[in-house]
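Each protein sequence line maps, in turn, to chains E and A. With our numbering as the guide, the letters of the first sequence map in order to residues 329 to 826. With our numbering as the guide, the letters of the second sequence map in order to residues 8 to 267.
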Amino acid sequence: MTTTDDQRKLPDYLPEHLGAKREPGYGDEVRLRVAPLAFERTSHMLRAAGARFITLFLAETPEPALVAAFAQRGDLVVLRAPTQGADPVVYGSIGAGWPAARWAEQELVELHGARPVGYEEERRLTTPDADELGGNVRGLDVFSIPFGPVRSGIFEAIQFLIETGGEDVPRLQTRPFFKRRGMESRFVGLDPERAVHVAERVAGIASVAYATAFSQAVERAFGVQAPASAERWRAVHAELERVACHLDVIAKQAETTALFVGQARFQILKEDVTRLRAALTGSRFGRGVIVPGGVRYAGRMELDALVAALDRLERDFERDRQLFLGTSSMIDRLIGSGRLSRELVEDHGAVGPLARGSGVSVDARHERPYGDYRRLGLRVVTEREGDAMARVSVRFEEIAESLRIMRQAIDQLKRRNGELCVPLPARCDGSAFGWAEAPQGELLIWVEIRDARVHRLHIASPSLRNWALFDHAFPKDVLTDFAFIEHSFGLTPAGADR
Amino acid sequence: MLEWILRGLRKGRTTTSYPRRALEPPDGYQGPVRLLHAADASPDLAAICPTGAIAVDSGGGLSLDRGRCIHCGACVRAAPERFAFTRQYETAARSREALIQIGQTGEADREESTRRSLGQQARALRRSIHVRHIDTGSDGSEEWEIQSLWNPYYDIQRLGFFLTSSPRHADILIVTGAVTGPMRGPLERTWNVMPAPKALIAAGTEACSGGLTGLTGLTAGGVDGILPVDVYVPGSPPPPIALLDGLLLAVGLLGVQVPR
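In structure tokens:
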């Protein structure tokens, strides 16, 4: 890639005295080089300039370096500090003053022995102990409830340590990582075509998003571009996944208010979508279709039949939505519950429907459009209230929007259903980011390729970033609101724990 | 509220009559993989599978371990003359060995008579089978499929299966995931407080054999390394009908007499 002096200049939204040097990067990626100890200062200047923290990790390509990624003005700003083989890696802490980076930094300390300067030790994160109570609140009749990792109902393993006097929740600790399976290390040594199957199984309910983000990272590293028809199919599969996930959240909200007819209705819709996905791809979770370079096969339905199925779905959905929003026993419980202020959401770098419910318009499909979203006109749905109702409303609107986008993509496919996959070059060394808007929020995957195989991989999952916010979701709420608030987050521990 | 009820009534009946009648998967459904041609295989075939489900013996005989299969289709794409997806939901078996196909096999379809007698067994328990679930490191999709068993399409309450919050009331424990370190203690404790007779179902390929997460060093590589498994339901994830089939098999292990 040739770089002119002009490209080396900092974008004008970045402060002049950033103390960082711009390096050549890919298209919408701004790579900046700093010294490890300058990490703190530079990241805080970025924050002051409006950047949103995404992730922090150790990379090995092209050289060992500490890397932090931020989103700013439609660019991916990447801060890189070569570590020159230092062990442990000593750098200026980002998390000390920026809540968004705290868990990422803690993970780096625990799993890679990094030493951030100026960092305050947090509670243990990656090796949780189900029996450890560690209550902090003192007072008359305050007790600690370890809720999880085995909970009533069919839920993934996660623990919440609730400290309560019975009603108010003065303190809550979210404890993820009960399910850490080491998925990032599972990619190592696999060729991309095989590694995509691992990507699909990091967070099973967002298989399509993970496969897409991984494939796009690989495509950028290899310098290939998926064909337009493949991108259209990817968008169709991704939107079906979003609809399924959002319907799941809505059904669970109905369950928590004991609106069982409503729950049944939305479960029916979700199963309809799941069956449609099985007919379209052979898998109820859309697995096996997306591959680096494109898609393995086109949808296995006639396009007209697919549109007819979407029409039926939309008709049913609209009626149920009207009923849901007209059921006061339902929405009364959601209005005002688990209110998250815009400032809190921004400080924690939250993403997805959760952030959009608090008026923060973050959506990877819109911020840094990828694949077919460069052509599809997407309307980003936001609400201002920041409560459970706002998060549910965002999901309702997004289902309608997803149906609209799918029709657009299918229309284009009707006109021209061309090539579906390009082969990857046999040789490649490189590294790149890939991203996708998963139903839970923005997902970013960093991939390093050596000899055409995955050498290293890092996942910045939306669930982990959003869960850090759950500790703050009970400002004025009582213990009985727990289930409403948890479901309104709509996250998956599998994605957070990896 | 009345409107909800009317809406529900207008929809009519959606529930499957499984196991009385089979439920057909859609065309192109990628169910368990089947061996089409097992003789004279090249030893290289074993390397195709990302989870080591394929083995070739010294005589070139091919075997396929469905307990390890994650339905990725790598083998079907590489050697379509030897491997094919079956259009079938059921995957459950009572032993790990029963999941290993050696040599060529016919369509391993669940016999209609078996399906029906399993249904009768469940009825004999007089609608009182209590199920508890524990996640020990799944990818999250297994939970969705287990949850759907209680949705109106599958509605397994009609067969007498109930979800219970307390393991002390449970007859059947469904375990998902390959058992991570922090989940080992909670898993053992959950199982130990369940009253006998009880049955354990390993749901999903991760729980059956570790699947993709078996070799990361952070899991036990499957539930049977820790507790005795009664029914294996492989799949990535196993669809609701496969789970239901597994539940019916597990009921048979609770020592219930089928009334004549």
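All C-beta atoms, glycine included, are put in the ideal place defined by N, C-alpha and C. Note that the coordinates shown come from a computational prediction; the quantities given were computed from them, not determined experimentally.
For residue i, which option in the options has the closest C-alpha, if you only look at C-alpha atoms?
i	options	result
Ser102/A	Gly259/A, Tyr239/A, Pro245/A	Tyr239/A
Cys756/E	Leu741/E, Ala764/E, Val775/E, Gln768/E	Val775/E
Val564/E	Gly378/E, Gly347/E, His786/E, Gln736/E	Gln736/E
Glu569/E	Thr584/E, Ala579/E, Thr602/E, Thr492/E	Thr602/E
Pro50/A	Ile181/A, Pro33/A, Gly68/A, Val40/A	Gly68/A
Leu9/A	Ile813/E, Thr655/E, Leu404/E	Thr655/E
Leu631/E	Trp561/E, Ser657/E, Ala592/E	Trp561/E
Asp660/E	Gly687/E, Val619/E, Ala718/E	Ala718/E
Ile55/A	Pro204/A, Ala86/A, Gln164/A, Pro247/A	Ala86/A
Arg723/E	Val497/E, Pro751/E, Ser686/E, Leu748/E	Ser686/E
Thr540/E	Pro555/E, Arg529/E, Ala566/E	Ala566/E
Tyr161/A	Arg14/A, Ile107/A, Asp47/A, Ala29/A	Ala29/A
Val577/E	Val720/E, Leu597/E, Arg703/E	Val720/E
Arg703/E	Thr710/E, Val709/E, His694/E	His694/E
Gln37/A	Gly218/A, Cys82/A, Thr22/A, Gly66/A	Cys82/A
His783/E	Leu386/E, His372/E, His345/E, Asp644/E	Leu386/E
Gly413/E	Trp431/E, Thr389/E, Gly423/E	Thr389/E
Ile181/A	Leu16/A, Gly224/A, Ser172/A	Ser172/A
Does any residue of chain E bring its CB to less than 9 Å from the CB of residue i?
i	result
His176/A	no
Ser24/A	no
Cys82/A	no
Gln95/A	no
Lys18/A	yes
Ala29/A	no
Gly15/A	yes
Asn158/A	yes
Thr98/A	no
Asp1/A	The requested residue 1/A does not occur in the structure, where chain A is confined to residues 8 to 267.
Round the Cβ separation of residue i and residue j to the nearest angstrom and send it over; I've been treating them as touching at under 8 Å.
i	j	result
Ile486/E	Pro821/E	4 Å
Ile533/E	Trp151/A	6 Å
Leu668/E	Leu819/E	Leu668/E to Leu819/E, Cβ: 14 Å. No contact.
Ala214/A	Thr98/A	Wrong, their Cβ atoms sit about 12 Å apart, outside the cutoff.
Ile208/A	Ala177/A	Between Ala177/A and Ile208/A the Cβ distance is about 11 Å, and since that is not below 8 Å, they are no contact.
Gly614/E	Arg624/E	Wrong, their Cβ atoms sit about 12 Å apart, outside the cutoff.
Val186/A	Ile233/A	6 Å
Gly192/A	Thr143/A	About 10 Å; that fails the 8 Å criterion.
Leu365/E	Arg350/E	Not really, about 19 Å apart at Cβ, beyond 8 Å.
Closest Cβ-Cβ distance between residue i and chain A: below 9 Å?
i	result
Thr540/E	no
Ala545/E	no
Pro477/E	yes
Ala378/E	In the sequence as presented, Ala is not what sits at residue 378/E; that position holds Gly. Not closer than 9 Å to any Cβ of chain A, the Cβ of Gly378/E fails to qualify, so no.
Glu344/E	no
Pro821/E	yes
His815/E	no
Pro767/E	no
Thr331/E	Residue confidence is low: Thr331/E scores 44 on pLDDT, short of 50, so the model does not pin down where it sits. No coordinate-derived value is stated.
Val530/E	yes
Phe613/E	yes
His574/E	no
Val526/E	yes
Arg712/E	no
Ser513/E	yes
Arg640/E	no
Ala633/E	no
Note the first and the last residue of the continuous alpha helix (DSSP H) segment covering residue i.
i	result
Trp198/A	188–199
Ala770/E	Per the sequence shown, residue 770/E should be read as Glu rather than Ala. First-last for Glu770/E: 769–778, but that is the beta strand (DSSP E), not the alpha helix (DSSP H).
Lys580/E	556–584
Lys18/A	9–18
Ser472/E	Careful: Ser472/E lies outside any alpha helix (DSSP H), inside the beta strand (DSSP E) at 471–475.
Gly680/E	680–685
Leu604/E	588–609
Lys742/E	716–743
Over the uninterrupted beta strand (DSSP E) stretch that includes residue i, give me the two end residues.
i	result
Val138/A	136–142
Gly551/E	Segment: none, Gly551/E is in no beta strand (DSSP E) and carries neither H nor E.
Ser759/E	758–766
Leu641/E	Run containing Leu641/E: none in the beta strand (DSSP E); it sits in the alpha helix (DSSP H), 631–653.
Thr502/E	499–503
Ile813/E	No beta strand (DSSP E) holds Ile813/E; the alpha helix (DSSP H) holding it covers 810–817.
- Using a Cβ cut-off of 7 Å, which residues of the segment 210–235 of chain A contact any Cβ in chain E, in chain order? Of all residues in the segment 210–235 of chain A, Leu219, Thr220, Thr223, Gly224, Leu225, Thr226 have a Cβ within less than 7 Å of some Cβ in chain E.
Q | Members of the segment 140–153 of chain A near chain E, C-beta cut-off 9 Å | A | Under the 9 Å Cβ criterion, the segment 140–153 of chain A contributes His140, Ile141, Asp142, Thr143, Gly144, Ser145, Asp146, Gly147, Ser148, Glu149, Glu150, Trp151, Glu152, Ile153.
If the cut-off is 9 Å on Cβ atoms, which residues from the segment 435–457 of chain E count as contacting chain A, listed in chain order? So the close ones are Thr455, Pro456, Asp457.
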